[in-house]
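Here's the structure, in structure tokens; my notes come after.
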Amino acid sequence: MFSAMKYERGCLSLIDQRLLPQEEIWIDCRDIETVAKCIEDMVTRGAPAIGCSAAFGLAIDALTAEKKFKTWSEYKKAFHLSVERLCRTRPTAVNLFYALDKMTALAETFKPELAMSDVAKDVSKLAQHLFDDDLATCKAIGENGARLAEGKRLRVLTHCNTGSLATAGYGTALGVIRSLAQRGQIEIVYADETRPYLQGSRLTAFELKSEGIEHKVIADSAAAYLMQQGKVDWVVVGADRIALNGDTANKIGTYSLAVNCNHHKVEFYIAAPLSTIDFAIETGAQIPVEERSPEEIRVTGSRQMTPVGAPVYNPSFDVTPSHLITGIITERGVLRPPYRESIMALKKSL
Ligand code: MRU
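The sequence shown runs 348 to 697 under my numbering.
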């Protein structure tokens with residue numbers, strides 16, 4: 348199983364996902380600004396991976412701060428500036444804010460006179476814990492998803508990349524597919540290429556190939572045709588932010604899939620950790636949708652795909668209304684509509 352990040356005291360190595368699958372180049376991050384740029388520029392991407400990278404970024408920050416400051420009270424201001432910098436990297440994936448909130452809550456427990464070496468130790472410990480927890484969570488999501496399809500062989504369609512590269516490892520929607528494949532329950536996976544950034548054709552196909560899982564890459568616009576032909580049993584995708592009522596933000600193109608599933612009576616599942624639920628928002632209307640550079644549409648690789656400077660609109664995510672979602676596969680089981688009730692019940696048990 349491929350891993351997108353490696354952390355060793357003071358250095359976060361990220362595989363440059365912009366260059367995959369052609370080149371495997373690792374970028375070493377030794378300061379907060381390099382980590383922030385790697386998140387902004389999509390060297391690292393995928394909601395849980397963004398959260399883990401940010402947490403390791405703060406671990407690096409605290410370790411390097413040992414050279415400048417003696418105690419927490421001296422470092423506190425710089426720490427909060429680093430948190431703010433990371434907050435500004437990508438707005439939609441709530442896992443980033445989940446990780447930063449955990450870090451901030453930890454920081455609130457620090458006494459002013461706490462030695463910097465202890466600050467760095469505690470921050471690093473929490474970053475590693477968030478990473479390990481995400482890995483275990485993804486495996487549980489995979490198991491819960493596979494259990495849903497007990498005894499069936501499925502033709503599954505997925506969108507974007509939700510695998511080892513997008514998480515601490517294993518994946519969310521791709522984790523479900525991995526678990527199904529391990530049980531011999533995958534007939535074929537259709538991987539949407541996922542315009543404009545091609546996370547599906549570059550990254551999901553790369554992961555499926557290295558796992559030996561039967562698959563075909565399709566143009567995003569082919570999905571409806573496949574459903575019309577009765578070739579898709581399940582669609583399973585990840586999530587960047589889930590509102591209390593179950594509305595779900597995910598990679599642009601997810602909403603069209605959900606509408607098509609509804610029309611063709613295909614089951615449509617979201618696979619996501621509980622850290623992707625934003626308990627502070629009621630509906631998807633409150634989810635900030637990131638708009639990315641027009642160049643992502645204008646240029647693919649080194650090839651100009653539009654007239655130079657063509658006007659472009661490039662929302663990176665869309666929001667799928669909860670009534671189109673068959674179920675949300677989490678590490679604690681599968682949530683079913685009405686989502687507000689099932690999410691609140693789960694929250695109480697946390
Ligand atoms: O813009 P990206 O590549 O970070 O978007 C990724 C997605 O939309 C994924 O589907 C989502 O983060 C879930 S990843 C487990």
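Cβ atoms here follow ideal geometry from the backbone N, Cα and C, with glycine treated the same way. Please read all numbers here as calculations on a predicted model, not as lab measurements.
{"Check": "Going by Cα to Cα distance, which pick from 493, 537, 668 is closest to residue 523?", "Outcome": "493"}
{"Check": "Out of 662, 531, 504, state which residue places its alpha-carbon closest to the alpha-carbon of residue 613.", "Outcome": "504"}
{"Check": "Could you tell me which residues DSSP puts in a beta bridge with residue 664?", "Outcome": "598"}
{"Check": "If you measure from the CB of residue 509, is any heavy atom of the ligand MRU nearer than 7 Å?", "Outcome": "yes"}
{"Check": "Quick one: residues in its chain with C-beta nearer than 8 Å to the C-beta of residue 365, no 5 flanking neighbours on either side, listed in chain order?", "Outcome": "388, 389, 390"}
{"Check": "Under 7 Å: does the beta carbon of residue 467 sit that close to some heavy atom of the ligand MRU?", "Outcome": "no"}
{"Check": "Look at residue 669 and residue 585 and say whether their C-beta atoms are less than 8 Å apart.", "Outcome": "no"}
{"Check": "From the DSSP output, which residues share a beta bridge with residue 498?", "Outcome": "In DSSP, residue 498 forms no bridge with anything."}
{"Check": "Does the contact criterion of 3 or more C-beta pairs under 8 Å hold for the segment 639 to 653 versus the segment 444 to 464?", "Outcome": "no"}
{"Check": "May I ask you to list the residues that DSSP assigns as paired with residue 650?", "Outcome": "647"}
{"Check": "Helix, strand or coil: how does DSSP classify residue 463 here?", "Outcome": "helix"}
{"Check": "Out of 573, 536, 570, 572, state which residue places its alpha-carbon closest to the alpha-carbon of residue 555.", "Outcome": "536"}
{"Check": "Helix, strand or coil for residue 422 per DSSP?", "Outcome": "helix"}
{"Check": "Is any heavy atom of the ligand MRU found at a distance shorter than 7 Å from the C-beta of residue 542?", "Outcome": "no"}
{"Check": "For residue 683, count the other beta carbons within 10 Å of its own beta carbon; 16 or more makes it buried, fewer makes it exposed. Which is it?", "Outcome": "exposed"}
{"Check": "Taking 8 Å as the CB-CB cut-off, is residue 359 touching chain B?", "Outcome": "The structure shown contains no chain B, having only a single protein chain."}
{"Check": "Can the beta-carbon of residue 518 be found less than 8 Å from the beta-carbon of residue 531?", "Outcome": "no"}
{"Check": "For residue 519, is the beta carbon positioned less than 7 Å from some heavy atom of the ligand MRU?", "Outcome": "yes"}
{"Check": "Specify the secondary structure class of residue 698 as computed by DSSP and reduced to three states.", "Outcome": "In the structure as shown, the chain begins at 348 and stops at 697. Residue 698 is therefore absent and cannot be evaluated."}
{"Check": "Taking the alpha-carbon positions, what's the residue 488 to residue 677 distance?", "Outcome": "5 Å"}
{"Check": "Would you list, in sequence order, the uninterrupted alpha helix (DSSP H) runs of no fewer than 4 residues that lie entirely inside the segment 372 to 399?", "Outcome": "379 to 387"}
{"Check": "Measuring only the C-alpha atoms, how far is residue 372 from residue 358?", "Outcome": "15 Å"}
{"Check": "For residue 315, which option in 439, 466, 397, 436 has the closest C-alpha, if you only look at C-alpha atoms?", "Outcome": "Shown here, the chain extends from 348 to 697; a query on residue 315 therefore has no answer."}
{"Check": "On the three-state DSSP scale, how would you describe residue 615?", "Outcome": "strand"}
{"Check": "Considering just the uninterrupted stretch of the alpha helix (DSSP H) at residue 719, what are its terminal residues?", "Outcome": "Nothing can be reported for residue 719, as the shown portion of the chain is limited to 348 through 697."}
{"Check": "Quick one: using the 10 Å Cβ neighbour count with 16 as the cut-off for buried, is residue 395 buried or exposed?", "Outcome": "buried"}
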